[in-house]
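Residue numbers (the working numbering): 4 to 124.
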């Protein structure tokens, strides 16, 4: 079975999520603002795989999310708490919970940690 595909805005988001995941996941970055053409080009090799969109809770993230909903209505959307606004600033415990709720395998130490546990622990 092909790995899940998780689409995030930037490299910092990817770096934040990789240590939490306990399964192979293809993480693609949109690198901020992106057009419909670029989304289709980015995802063409992955269209038959399970797509997950995890954008920041800000105007840029919502704009990108809206495009994904139009182009890939089958994609599942993951949401961070608006309090933290960005995936990269969301506590790892919350990120692990969000990913686990979407049926990603996550390392249990991130589910068991405190709300502000760093990735260094």
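Heads up, the beta-carbon is just placed ideally off N, CA and C, and yes, glycines get one too. On a predicted model such as this, the values are computed, not experimentally measured, just so you know.
Residue 107 by DSSP, collapsed to three states: which one? coil
For residue 63, which option in 52, 50, 18, 13 has the closest C-alpha, if you only look at C-alpha atoms? 13
Please state if the CB of residue 95 and the CB of residue 2 are separated by a distance shorter than 9 Å. Since the first and last residues shown for the chain are 4 and 124, residue 2 lies out of range.
Check the DSSP bridge columns for residue 102 and list the partner residues they point to. Looking at the DSSP assignment, residue 102 forms no beta bridge with any residue, so it has no partner.
In this structure, how does DSSP classify residue 79 when only helix, strand and coil are distinguished? strand
When the Cα of residue 101 is compared with those of 72, 88, 76, 84, which residue comes out closest? 84
Using C-beta distances below 6 Å, list every residue in its chain close to residue 119, excluding the 5 sequence neighbours before and after it, in chain order. Annotation note: pLDDT 48 at residue 119 (below 50); position unreliable, no value reported.
As assigned by DSSP and simplified to three states, the class of residue 30: strand
DSSP puts residue 23 in a beta bridge; with which residues? Paired residues: none, contrary to the question.
Where does residue 114 sit, in a helix, a strand or coil, going by DSSP? helix
Integer-rounded CB distance, given that residue 56 should sit under 8 Å from residue 81: 7 Å
Between residue 59 and residue 89, how many whole angstroms is the CB-CB distance? I'm expecting something under 8 Å. 5 Å
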